[in-house]
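Be aware that the sequence shown starts at 1, since it is given in the UniProt record's numbering, and climbs by one per residue.
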Amino acid sequence: GGVLRASLPGEWTVPGCVVCALALLAADRTPLSRPLRQGLVRASAAVQCFAVLWSVPLVAGTVLGPVTQGARPWSGAPGDVRDAVFTDVPWPPYASTGPLVLAVVAAVVLVAGRNTARSAAARVVALVLGWAAVTTVPAVLQLPYTSGLVGQGVVVVAVLGLAEWSGRAGNRPSPLTLTALLLALVTSVDLAFLALASESATIGVLVSLTVLFGAACRGRVAAPFAAPAALGHATALACAIGASAGWRPHDTALLVLVVPAVAALV
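As structure tokens, then:
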């Protein structure tokens with residue numbers, strides 16, 4: 001670690017440590033004694049765990065940062081996703097390689113857990129790490145605000161599709177299915193908050209999320225989770241339409257009452 005810190009740029013120190021940790025995994029296939037092989041593998045796992053912990057500020061800021069838009073709705077679309085997300089907190093140092101670290105560790109967990117008794121847990125961990133990697137990419141690359149919204153929407157569609165696909169095999173939702181559904185809900189709420197910076201983006205995103213989760217209600221697996229999400233986004237859409245039209249609160253409340261009425265008819 002000290003050699004890497006002295007020879008590599010700051011943002012590449014942690015990825016370099018992860019690469020060295022991956023090299024230690026090769027010891028598991030050598031003729032070394034079993035205790036030595038186990039020690040090297042555990043050392044590799046420890047380094048990868050610390051690498052994931054290093055990326056936590058980036059992931060937490062990306063996921064929780066859009067919530068601050070609720071305090072200043074429709075204040076104007078920012079220049080890029082990073083400006084929209086990291087408004088009240090500083091950008092984590094050396095965070096530009098965070099998505100790469102998360103993606104590599106996710107791949108290692110998925111491959112290492114394949115064909116083992118912990119394969120189900122490995123798939124869940126790999127999904128969460130992969131989701132975190134993809135979610136942080138727009139902020140790291142400083143993508144335009146609109147592109148970031150589209151990217152988050154694609155993530156919602158992808159994890160919803162994964163949940164429906166993975167849940168078709170059994171009668172009860174698997175841990176992977178439940179995790180994918182939870183990530184879809186979290187990402188959709190995050191996207192709704194992120195869209196609050198712009199009036200047009202708010203209405204467009206809420207319409208899209210309402211339609212998406214409404215369509216997901218037709219699926220056997222996602223329906224119990226998609227229905228409340230669709231109602232929640234539709235209610236938020238009704239409030240946004242009322243605010244955009246300049247209606248008084250009690251007039252907007254009448255529009256909100258239309259949402260459960262329509263849901264009951266459907």
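Each residue gets a CB set at the ideal place from its N, CA and C atoms; glycine is no exception.
None of the values given here were measured: they were computed from a predicted structure.
Taking the Cβ atoms as the reference, Val-47 lies roughly 10 Å from Leu-25, outside the contact range of under 8 Å. Pairing Tyr-145 with Asp-88 gives a Cβ-Cβ distance that is not under 8 Å. Within 10 angstroms of the beta-carbon of Leu-237 lie 16 or more other beta-carbons, which makes it buried. Cβ-Cβ separation between Val-205 and Leu-182: approximately 20 Å, too far for a contact (criterion under 8 Å). A straight-line Cα-Cα distance of about 24 Å links Ser-198 and Gly-214. DSSP places Asp-80 in the strand class (E or B) of the three-state scheme. About 5 Å separates the beta carbon of Thr-136 from that of Leu-58, a gap short enough to meet the 8 Å contact definition. For the pair Gly-153 and Cys-20, the Cα-to-Cα distance works out to about 35 Å. For Leu-209, the uninterrupted alpha helix (DSSP H) run begins and ends at 199-216, by DSSP. Taking 8 Å as the cut-off, the Cβ atoms of Val-159 and Trp-131 count as close. When only Cα atoms are considered, Val-52 and Ala-112 end up about 17 Å apart. If you draw a straight line from the Cα of Cys-239 to the Cα of Leu-265, it comes to about 21 Å. Leu-64 is not a Cβ neighbour of Leu-102, given a cutoff of 8 Å. With distances taken between CA atoms, Ala-243 lies nearest to Pro-73 out of Val-56, Pro-73, Val-155 and Thr-62. A Cβ-Cβ contact shorter than 8 Å links His-233 with Thr-210. Residue pairing for Pro-260: DSSP places it in no beta bridge. For Pro-144, DSSP records a beta bridge to Asp-80.
Judged by DSSP in its simplified three-state form, Ser-55 adopts coil rather than helix or strand. Judged by DSSP in its simplified three-state form, Arg-72 adopts coil rather than helix or strand. Between Val-150 and Asn-115, the alpha-carbon positions lie close to 36 Å from each other.
For Trp-54, the closest alpha carbon among the candidates Val-221, Glu-11, Thr-30 and Val-256 is that of Glu-11. A distance below 8 Å separates the beta carbons of Thr-97 and Val-14. The three-state reading of DSSP puts Ala-243 in helix, counting H, G and I together.
Secondary structure in the segment 99-181: the alpha helix (DSSP H) runs of 4 residues or longer, each lying completely within the stretch, are 119-141 and 145-166 in chain order.
Within 10 angstroms of the beta-carbon of Ala-71 lie fewer than 16 other beta-carbons, which makes it exposed.
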